[in-house]
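Below is one structure, written out as structure tokens; the observations come after it.
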Amino acid sequence: MKIIMLGAPGAGKGTQAKQIADKYSIPHISTGDIFRANLKAGTDLGRKAKEYMDQGLLVPDELTCDLVMDRISQDDCKNGFVLDGFPRTIPQAEALDAALSKIGQKMDYAIDVDVPDENIINRMSGRRACLNCGATYHIVSIPTKVEGVCDRCGSPVVLRDDDQPETVKKRLEVYHAQTQPLIDYYKEQDILKSVDGTQPMENVFHAIVEILGA
Ligand code: AMP
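Each residue of the sequence shown is one higher than the one before, starting from 582 at the first, in our numbering.
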């Protein structure tokens with residue numbers, strides 16, 4: 582099963598993508614996580630990506646597409662994968678389709694987790710992330726057991742630079758201009774499914790499982 586998660590930054594698509602990956606035993610591929618891991622490891626890619634990420638801008642397609650194509654050609658993706666944060670532009674979607682069609686495959690589902698902008702801005706200000714292991718939390722809906730400390734690895738959790746209010750506004754603008762057109766793109770391919778992302782997380786997940794099948 583090959584799935585794309587669509588939705589504005591902060592719509593909860595990452596949390597849902599992780600749960601889908603667990604339930605269906607397929608890899609969770611998050612381009613944001615890959616860039617952050619590169620940044621932590623001090624690679625060139627990480628340094629270049631940070632310049633864009635900190636301003637709420639998209640990392641250029643030429644830095645993004647190849648790394649995803651590489652990842653999905655690995656053995657563990659044979660039975661499918663869930664893409665979280667990719668594609669984010671029409672050229673990225675076209676590159677993905679072209680790479681898959683070369684091997685006679687296509688995406689099965691594009692799931693749009695739909696949340697209005699007002700809710701997003703409120704949510705993002707409460708988001709916290711562990712800079713060490715990448716785990717994400719929310720001060721109200723998914724709090725850490727001990728305030729400010731990652732449940733998984735014990736490192737401090739912080740408001741990421743790209744979750745600062747000004748950056749969030751910019752990310753939303755970029756989302757509407759560059760990523761939202763993908764909704765029509767996948768509607769035309771007849772693989773778009775929308776779920777109401779304002780519901781509690783368990784209900785969003787339930788709605789997704791209904792679409793994908795148990
Ligand atoms: P995320 O964790 O998915 O919200 O991604 C964090 C940041 O990484 C985004 O705001 C972008 O700057 C960058 N990024 C992640 N995925 C992509 C992508 N597919 N194309 C371009 N930039 C991306």
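Note that beta-carbon positions come from the ideal geometry of N, C-alpha and C, so glycine has one too.
Are Gly-707 and Val-721 touching if we call contact CB-CB under 8 Å? Contact flag set, yes.
Inspect the CB distances between the region 728-748 and the region 643-655 and report whether three or more fall short of 8 Å. no
Val-749 - DSSP class collapsed to helix/strand/coil: Secondary structure at Val-749: helix, using DSSP grouped into helix, strand and coil.
Comparing alpha-carbon positions, which option in Leu-648, Gln-761, Gly-637, His-609 lies nearest Leu-626? Leu-648
Evaluate Ser-611 with the Cβ neighbour count: other Cβ atoms within 10 Å of its Cβ, from every protein chain shown; 16 or more gives buried, anything less gives exposed. buried
Proximity below 8 Å, CB of Thr-670 to CB of Asp-642: yes
With C-beta atoms as the reference, is Phe-667 less than 8 Å away from Lys-583? Contact annotation: Phe-667 and Lys-583 have beta-carbon atoms that are not nearer than 8 Å.
Considering Leu-681, what are the terminal residues of the alpha helix (DSSP H) in which it resides? 671-683
Give me the DSSP bridge partner(s) of Lys-659. DSSP links Lys-659 through a beta bridge to no other residue.
Counterpart residues of Cys-711 in DSSP-defined beta bridges: BP columns for Cys-711 point to Val-738.
Rounded to whole angstroms, how far is the Cβ of Ala-676 from the Cβ of Cys-646, which I believe are closer than 8 Å? 4 Å
Helix, strand or coil for Lys-580, going by three-state DSSP, please let me know. Because the chain spans 582 through 795 in this model, residue 580 falls outside it and cannot be assessed.
Based on Cα-Cα distance, which residue from Ile-723, Lys-774, Cys-711, Ala-758 lies nearest to Arg-617? Cys-711
Quick check: does the Cβ of Thr-725 come within less than 7 Å of any heavy atom belonging to ligand 1? no
Please return the same chain residues whose Cβ sits closer than 6 Å to the Cβ of Leu-664, not counting the five positions on each side in sequence. Ile-585, Ile-610
C-beta contact flag for Ala-691 and Leu-793 at 8 Å: no
Whether Pro-590 touches Tyr-718 by CB criterion (8 Å): no
How many Å lie between Leu-587 and Glu-791 at the Cα? 17 Å
Anyone know if the C-beta pair for Val-749 and Ala-592 falls short of 8 Å? no
Does Arg-709 pass the burial test, meaning 16 or more other C-beta atoms within 10 Å, or should it be called exposed? buried
Between which two residues does the beta strand (DSSP E) harbouring Ile-610 extend? Note, Ile-610: beta strand (DSSP E), 609-611.
I'd like to confirm something about Asp-647: is its beta-carbon nearer than 7 Å to some heavy atom of ligand 1, or not? Result no, Cβ not under 7 Å from ligand 1.
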